[in-house]
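Here my numbering is used: the first residue of the sequence shown is 247, the next is one more, and so on.
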Amino acid sequence: MSNPISKDRIKIDYVLLITTVVLIILGILTIYSVGSSSSEIRAMEKQYIKQIYWAVAGFIIFGLLLLVNYQKLGEHAFLIYIGSVLLLILTLLIGKRIRGSRSWITLGGGFGFQPSEFVKLGIILSFAKFLEKNNEKIKDIKTVILALLIVFIPVALILLQPDFGTALVYIPVAFVMLYFAGIRTSHLLSFLIILAIAVVLPLFTTYFQLIHSSKTMFIETLSETTVIVKISLIFGVLFLILFGLYKFVKSDIIYRAMIIFLIFFVGLLLSALLNDFLKPYQKQRLIVFINPKIDPFGSGYNIIQSKIAIGAGGLFGKGLKGGTQSQLGFLPERSTDFIFSIFAEEWGFTGSFFLLVMYALFIYRGIAIIYNAKDIYGTLVASGIVGMFLFHIIINMGMTVGIMPITGIPLPFMSYGGSFLITSLASTSILFNIEMRRYQR
């Protein structure tokens with residue numbers, strides 16, 4: 247099952263281990279503090295106890311995964327991928343709907359789990375194997391498109407739940423792994439531009455409509471899905487014309503223009519799909535961070551209260567259970583999405599800086615593991631895991647201070663939730679696994 251590691255070659259990454267343990271302890275303390283709120287004591291007083299149980303379960307899985315060579319996991323990549331997709335399909339069929347999203351599977355006795363969290367690691371392991379097998383062909387655009395399709399299937403299934411925040415995580419993870427696989431820079435930039443077009447257009451029209459009471463004909467037209475589709479088809483036709491012309495006239499100018507038209511065609515088509523998929527309130531949540539005061543009692547309320555909490559912490563904070571935002575219940579989702587806001591209010595700038603140092607050390611060691619891995623598969627798996635953690639940290643903390651949109655993405659090791667905590671510990675175990683086995687022949 248596993249390849250033994252000689253004792254003289256065992257290397258434990260103490261920095262990675264200590265930062266992980268410290269972050270989990272800080273998370274449990276903050277959840278405990280939040281649970282002392284008198285307004286929700288019955289609902290939240292046991293959250294920190296559950297988090298301790300999940301941490302213990304996570305460390306057990308952590309230890310078990312260390313016994314299995316990560317390369318063995320790669321040998322079962324296809325089964326892991328199929329299992330992940332089937333689990334997401336099962337969630338759509340029998341999942342419990344919570345807050346409008348069918349993202350949970352309940353097993354009775356009050357126990358449930360969120361499959362999309364566990365699937366993150368499964369997709370990273372299987373996607374890395376595909377990239378390793380096709381590493382020599384990664385500069386071929388056909389290979390890149392096939393790779394993106396592999397990621398698109400689970401993303402589409404998660405969007406159907408719908409769980410936009412979790413689905414969003416897969417995109418940067420895929421691009422980070424493609425980068426370390428050796429994708430052409432031009433291909434990477436092209437896909438990033440397509441993604442930007444797809445996201446920016448529907449959000450731009452929503453923001454313009456929010457800040458201007460008088461609607462203009464131009465913005466109203468751009469906000470209609472059918473209009474976006476028609477514009478994309480125009481670019482599609484122009485691409486086909488140039489594609490036909492390029493077969494007879496091999497010109498760099500024609501080729502570049504053809505690529506530009508193709509980028510706009512795909513980007514606008516995806517933009518139309520996203521515009522139709524996202525509900526108005528979801529669009530508002532994604533753009534209201536720019537100016538929360540345009541909807542202070544609706545979409546902007548959480549950001550305003552979060553910034554108040556962080557600012558109230560001052561230099562040294564108000565101490566454990568001393569935060570007014572947490573104890574008086576002004577800030578929603580304080581044990582999950584906005585746990586950093588509560589931590590900052592209770593421990594101030596000093597505590598927040600210490601927390602950032604812990605995360606910085608964790609990511610630093612993760613990056614070192616990426617570059618020190620003994621094989622391409624280890625590099626790709628580590629890059630996917632580090633990319634996942636980094637995206638979670640940046641988006642969650644950025645969300646709490648008002649520089650990132652609210653997407654419901656939790657903070658690694660700190661936010662309340664068993665599925666994500668166990669997934670985070672399992673992912674960290676894989677990083678340890680890669681680091682330990684770099685000394686094996």
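Here a beta-carbon is modelled for each residue, glycine too, at the ideal position from N, C-alpha and C.
Residues of its chain near residue i, where Cβ-Cβ distance is below 8 Å and the 5 sequence neighbours each way are ignored
i, result
"PHE523", "LEU405 and PRO408"
"LYS567", "SER279, SER282, GLN573 and GLU592"
"ILE500", "LEU488, LEU491 and TYR492"
"LEU311", "ALA672, SER675, ILE676 and ASN679"
"THR625", "PHE426, ILE616, TYR617 and ALA619"
"GLY560", "GLY594 and PHE595"
Residues near residue i by beta carbon distance below 6 Å, same chain, minus five either side
i, result
"GLY304", "LEU667, ILE668 and LEU671"
"GLY368", "ILE326 and SER330"
"TYR294", "ILE274, ILE277, TYR278 and GLY281"
"ALA558", "GLU591"
"PHE562", "GLY594 and THR596"
"GLY482", "PHE511"
"THR265", "MET604, LEU607 and PHE608"
"MET643", "PHE586"
"SER372", "ALA323, ILE326 and TYR327"
"ALA420", "VAL397"
"SER469", "THR451"
Run of the beta strand (DSSP E) containing residue i, from where it starts to where it stops
i, result
"ARG348", "347-354"
"LYS398", "Sequence inspection shows Phe at residue 398; the Lys mentioned does not correspond to that position. It is not in any beta strand (DSSP E) - PHE398 instead sits in the alpha helix (DSSP H) that spans 387-405."
Three-way DSSP call (helix, strand, coil) for residue i in this model
i, result
"ARG343", "strand"
"SER544", "Note on identity: in this sequence residue 544 is Gly, with Ser being the wrong assignment. In this structure, GLY544 counts as coil in the three-state DSSP scheme."
"PHE523", "helix"
"PHE357", "strand"
"ARG430", "coil"
"ILE500", "helix"
"GLY273", "helix"
"LYS553", "helix"
"SER285", "Low confidence applies to SER285: its pLDDT is 49, below 50, so where it sits in the model is not reliable enough to give any reading."
"PHE450", "helix"
"GLY329", "helix"
"MET423", "helix"
"MET463", "helix"
"ILE384", "coil"
"GLY560", "coil"
"SER279", "helix"
"ILE258", "coil"
"LYS529", "helix"
"PHE410", "helix"
"LEU657", "coil"
Rounded distance between the beta-carbons of residue j and residue i, thought under 8 Å
i, j, result
"PHE659", "GLY273", "6 Å"
"MET634", "SER673", "7 Å"
"PRO448", "SER517", "6 Å"
"GLN528", "PHE450", "Contact flag wrong, Cβ pair sits at about 15 Å."
"VAL401", "ALA413", "5 Å"
"ILE443", "LEU514", "6 Å"
"VAL415", "ILE655", "7 Å"
"ASN548", "ILE652", "6 Å"
"GLY569", "ILE556", "That belief does not hold up - the Cβ atoms of GLY569 and ILE556 are roughly 10 Å apart, past 8 Å."
"VAL475", "THR467", "About 13 Å; that fails the 8 Å criterion."
"ILE429", "VAL390", "6 Å"
Close Cβ partners of residue i (< 7 Å) along its chain, the five nearest in sequence each way excluded
i, result
"ALA628", "GLY612, ILE615, ILE616, ALA619, LEU677 and ILE680"
"SER349", "THR337, GLY341, GLN360, SER362, GLN407 and ASP409"
"PHE485", "MET504, PHE507, LEU508 and PHE511"
"ASP259", "ARG611, PHE678 and GLU681"
"ILE270", "ALA301 and PHE659"
"LYS539", "GLY546"
"VAL261", "LEU607 and ARG611"
Span of the alpha helix (DSSP H), counted from its first residue to its last, around residue i
i, result
"GLY727", "Shown here, the chain extends from 247 to 687; a query on residue 727 therefore has no answer."
"PHE635", "622-647"
"PHE364", "361-379"
"PRO538", "Run containing PRO538: none; DSSP gives neither H nor E here."
"GLU321", "316-321"
"LEU486", "471-492"
"THR582", "Here THR582 belongs to no alpha helix (DSSP H), and DSSP marks it neither H nor E."
"GLY664", "664-682"
"THR653", "It is not in any alpha helix (DSSP H) - THR653 carries neither H nor E in the DSSP assignment."
"ILE307", "293-312"
"PHE572", "In the sequence under discussion, the amino acid at residue 572 is Ser, which differs from the Phe named in the question. Unbroken alpha helix (DSSP H) run through SER572: 570-573."
Within-8 Å CB hit, residue i to chain C
i, result
"ASN548", "Of the protein chains in this structure there is only one, and it is not chain C."
Distance cut-off 7 Å: residue i Cβ against heavy atoms of the ligand FAD
i, result
"PHE364", "Among the ligands in the structure shown, none appear at all, so the ligand FAD cannot be discussed."
| request: State whether the segment 386-402 contacts the segment 343-351, with contact taken as three or more CB pairs (one from each stretch) at a distance under 8 Å. | output: no
| query | Taking one C-beta from the segment 535-549 and one from the segment 496-515 each time, how about it: are there three or more such pairs within less than 8 Å? | reply | no
| query | Between the segment 422-431 and the segment 360-377, do at least 3 Cβ pairs fall closer than 8 Å? | reply | yes
| query | Taking contact to mean at least 3 C-beta pairs separated by less than 8 Å, is the segment 573-584 in contact with the segment 544-556? | reply | yes
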